[in-house]
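Numbering (our numbering), first residue to last: 2 to 98.
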Amino acid sequence: MINDERKKAVTQQLAALVEEALIAEVTLSPKPGLVDALDAGAHSDMDYALFLKSAKTLTPFFEEMAQIAWHHAIDQELRERIAEIGRKAEKAMLIAT
């Protein structure tokens with residue numbers, strides 16, 4: 002069985018990989034109509050810098066989701082707990098950006 006220290010390291014790494022994927026996606030340019038490193042596309046409320054800031058803001062919530070899912074069955078309760086974390090993440094992102 003994996004101890005708490007190892008679990009923390011794995012969930013931190015998962016969150017870091019999600020953040021890395023978000024940054025790689027937005028950095029890929031050009032993407033007509035979408036936010037990328039060159040242009041805000043059709044978005045008047047988001048640009049590259051804000052996207053990067055939002056990715057950084059969301060990372061701890063991705064870690065929290067991974068920790069919750071670690072020993073939890075894939076069921077409705079897990080979905081609800083992940084959704085609750087997602088709502089908190091969205092609020093934090095809106096404040097940050």
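Glycine included, every Cβ here is placed at the ideal spot set by N, Cα and C.
- Under the Cβ criterion (8 Å, minimum of three pairs), the stretch 2-17 counts as touching the stretch 57-73.
- Counted as a single uninterrupted DSSP element, the alpha helix (DSSP H) harbouring residue 61 occupies residues 49-71.
- Rounded to the nearest angstrom, the gap between the Cα atoms of residue 94 and residue 86 is 12 Å.
- For residue 86, the secondary structure class from DSSP, reduced to helix, strand or coil, is helix.
- Taking a 10 Å sphere around the C-beta of residue 90, we find 16 or more other C-beta atoms and assign the residue as buried.
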